[in-house]
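Single-structure report; data block below.
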Amino acid sequence: MLRHFPKIDSTYPHKKRDYCIAGFTFFCVAVCLISDANGDLAWQNTLGVFGWVFLTGLLLGENTEVRTQVAIAVVFATIGEHFASPYMGGYTYRFGNVPAYVPPGHGMVYLTAVALARSGFFLRYAREIATFVVLVCGAWSVYGISGLAKQGDAVGALLYCIFLGYLFKGRSPMVYLAAFFITTWLELIGTAVGTWKWAAIDPVLNLPQGNPPSGVAAWYCLVDAVAIGGAPIILKAAQQSRNGFKAKTIKTSKDAYQGASNE
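All residue numbers for the sequence shown refer to my numbering, where the first residue is 873 and numbers rise by one.
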């Protein structure tokens, strides 16, 4: 079950960059969502510009694989946002739209999960952190279906079970584990200040869900899984395309040279 977790009693280096990315994103998420709660559409668009600038800056120090993963995460999450929010009504933003800062925000959130997942602290204390997350999220889910919560959360309990599957069966448990912290942070802040609100009854499952659902991290883990799994495919296709173009260019040059020689 824990075969994809880091080895115990190994030494893992602490890189300042990883902690800076995480700290910066946690800070930006809080400032963005709180300020958007009372802003207009123009301010949302301004936040979107800041988001793209910040994401671009953070990616400058990353390799091609991580950049590709982030690009996939942004595209997939943005499509998912438009489907789940304006179309399905699973949750609704203040203006009934998908704010301009959401696409780059998903990129920053994914990059933060990657940064924390590879950080020395998370690698060293992976099992302890996993135990903490399982217990805290589990207690949250139980509370949601206990009848004590103001808004029932059967969907959250279901998502929690899915999250456990990602965590203990997935090949990138550290990313999923890290995703819990940044996504829970943004969901609690966003719903608390009214930037968005989850529907009391899920439109697909027709079950009660919390605001936010306790296992909401599972949705973000889906984005992470698609990004991690899709990057190698895209990079391989890009390499094959470059090789094909290079081979075609060489062949064209040879043909041209032979044609000139025959003349």
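Think of the CB as a built atom: it goes at the ideal place given N, C-alpha and C, for glycine as much as any other residue.
Limits of the alpha helix (DSSP H) - the one that residue i falls within
i: THR964; result: Element bounds for THR964: not the alpha helix (DSSP H) but the beta strand (DSSP E), 963 to 965.
i: LYS853; result: The structure shown does not extend to residue 853, since the chain is modelled only from 873 to 1135, so the question has no answer here.
i: LYS1022; result: Careful: LYS1022 lies outside any alpha helix (DSSP H) and carries neither H nor E.
i: LYS888; result: 888 to 908
i: ALA914; result: 913 to 931
i: ALA943; result: 936 to 954
i: ILE1054; result: 1045 to 1065
i: ARG875; result: Looking at the DSSP string, ARG875 is not in any alpha helix (DSSP H), and its letter there is neither H nor E.
i: ARG996; result: 992 to 996
i: MET960; result: From DSSP, MET960 is part of no alpha helix (DSSP H); its letter is neither H nor E.
i: VAL974; result: 974 to 989
Residues near residue i in its chain [Cβ-Cβ closer than 8 Å; skip 5 each side]
i: ASN917; result: ALA972
i: VAL1006; result: LEU1036, LEU1039
i: GLY1082; result: GLY1016, ALA1021, GLN1023, GLY1024, ASP1025, VAL1027, GLY1028, TRP1070
i: ILE1139; result: Residue 1139 lies beyond the residue range present for the chain, which begins at 873 and ends at 1135; the question has no answer from this structure.
7 Å CB neighbourhood of residue i in its chain, flanking five on each side removed
i: PRO1045; result: HIS876, PHE877, LEU1039
i: ALA1051; result: ALA985, ALA1089, TYR1092, CYS1093, ASP1096
i: LEU1077; result: VAL1027
i: PRO885; result: GLY992
i: THR1056; result: ALA1089
Euclidean distance between Cα positions of residue i and residue j
i: LYS1069; j: ARG1114; result: 46 Å
i: PRO975; j: SER957; result: 14 Å
i: LEU1036; j: GLY1116; result: 43 Å
i: GLY962; j: GLY1024; result: 15 Å
i: ALA894; j: LEU988; result: 7 Å
i: GLN941; j: LEU1020; result: 40 Å
i: ARG996; j: ALA1103; result: 27 Å
i: LYS888; j: PHE896; result: 12 Å
i: ASP908; j: ARG1043; result: 36 Å
i: LEU1049; j: GLY968; result: 31 Å
i: ALA1071; j: VAL925; result: 32 Å
i: VAL938; j: LYS1108; result: 14 Å
i: LYS1022; j: ASP912; result: 30 Å
i: ASN910; j: ILE1034; result: 34 Å
i: SER1018; j: THR964; result: 26 Å
i: ILE1054; j: LYS1041; result: 21 Å
i: THR936; j: ALA1110; result: 12 Å
i: GLN1112; j: TYR891; result: 36 Å
i: ALA914; j: LYS1118; result: 46 Å
Pair within 9 Å by beta-carbon distance, residue i and residue j
i: ILE1106; j: ILE1001; result: no
i: VAL1098; j: PHE899; result: no
i: LEU932; j: LEU983; result: no
i: ARG966; j: LEU874; result: no
i: ILE1100; j: VAL1047; result: yes
Contacting residues, own chain, Cβ-Cβ under 6 Å from residue i (five flanking each side not counted)
i: LEU1058; result: VAL901
i: HIS954; result: VAL970
i: LEU927; result: PRO976, GLY979, MET980
i: MET960; result: PRO1075
i: VAL946; result: PRO975, HIS978, GLY979
i: LEU1079; result: ALA1026, VAL1027
i: GLY923; result: TYR973, PRO976, GLY977
i: ILE951; result: none
i: GLY920; result: ALA972, TYR973
Terminal residues of the beta strand (DSSP E) in which residue i lies
i: LYS1069; result: 1068 to 1070
| the stretch 894 to 908 contacting the stretch 1020 to 1040, beta-carbon criterion three pairs below 8 Å | no
| query | Hey, is the stretch 1077 to 1086 in contact with the stretch 1003 to 1023, meaning 3+ C-beta pairs nearer than 8 Å? | reply | yes
| query | Is the stretch 1059 to 1066 touching the stretch 989 to 997 in the sense that three or more CB pairs, one from each, lie closer than 8 Å? | reply | no
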